[in-house]
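Engineer:
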Amino acid sequence: RKNLKDMTSPLITVVRGRGLLNAVVIKPTQIKGRTVTAWDVCLEMAKNGLLAKPTHDDIIRLAPPLTITSKQVEESCSIINKSLKSFT
Numbered sequence: 202r203k204n205l206k207d208m209t210s211p212l213i214t215v216v217r218g219r220g221l222l223n224a225v226v227i228k229p230t231q232i233k234g235r236t237v238t239a240w241d242v243c244l245e246m247a248k249n250g251l252l253a254k255p256t257h258d259d260i261i262r263l264a265p266p267l268t269i270t271s272k273q274v275e276e277s278c279s280i281i282n283k284s285l286k287s288f289t
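Just so you know, we're using my numbering here: the sequence shown kicks off at 202 and counts up by one.
#1: Taking 7 Å as the limit between beta carbons, can you name the residues of its chain near P266, skipping five residues before and five after?
#2: Under a three-way DSSP split, which group does N204 fall into?
#3: Rounded to whole angstroms, what's the CA-CA distance from T230 to K203? Just pull it up for me.
#4: Would T268 and R262 be called neighbours here (beta carbons separated by less than 8 Å)?
#5: With DSSP collapsed to three states, give me the class of I269.
#6: Do L251 and I280 have their CB atoms nearer than 8 Å?
#7: For the beta strand (DSSP E) that A224 lies in, which residues bound it at each end?
This is how it looks when you write it as structure tokens:
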């Protein structure tokens with residue numbers, strides 16, 4: 202969760218969760234003439250190799266398998282960060 206909280210993006214309003222189950226709340230934001238939502242961020246993450254589920258229009262739910270390694274967590278955070286940066 203620390204890696205998620207350290208990300209600086211105008212899209213992120215809050216990161217919350219417990220253990221491996223986390224959620225990132227995305228503020229719908231006008232960027233380059235269009236509104237970017239949690240769905241758009243999830244699509245970009247999928248293009249970059251990470252699947253996540255948007256819920257309630259503004260939340261990205263992260264629920265990795267319990268067998269995930271530290272290296273995979275770091276790689277996932279890198280993909281999330283890359284995806285968020287693609288909108289700015």
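Even for Gly, the Cβ is constructed at its ideal location relative to N, Cα and C. Since this is a predicted model, take the numbers as computed values, not measurements.
Structural biologist: Reading from the atomic positions:
#1: Locating residue 266 in the sequence shown gives position 65, counting from the first residue. None.
#2: One-based indexing of the sequence shown puts residue 204 at position 3. Three-state DSSP puts N204 in a helix.
#3: Translated into the one-based positions of the sequence shown, residue 230 becomes position 29. Translated into the one-based positions of the sequence shown, residue 203 becomes position 2. So the alpha carbons of these two residues sit roughly 24 Å apart.
#4: Residue numbering aside, residue 268 sits at position 67 when the sequence shown is read from its first letter. Residue numbering aside, residue 262 sits at position 61 when the sequence shown is read from its first letter. No. Outside cutoff.
#5: As a working mapping, residue 269 is identified with position 68 in the sequence shown. Residue state, collapsed to three classes: coil.
#6: For the purposes of this step, residue 251 is taken as the residue at position 50 of the sequence shown. For the purposes of this step, residue 280 is taken as the residue at position 79 of the sequence shown. Against a cut-off of 8 Å, the Cβ pair of I280 and L251 comes out as a contact.
#7: Here residue 224 refers to the residue found at position 23 of the sequence shown. That run of the beta strand (DSSP E) goes 222-227.
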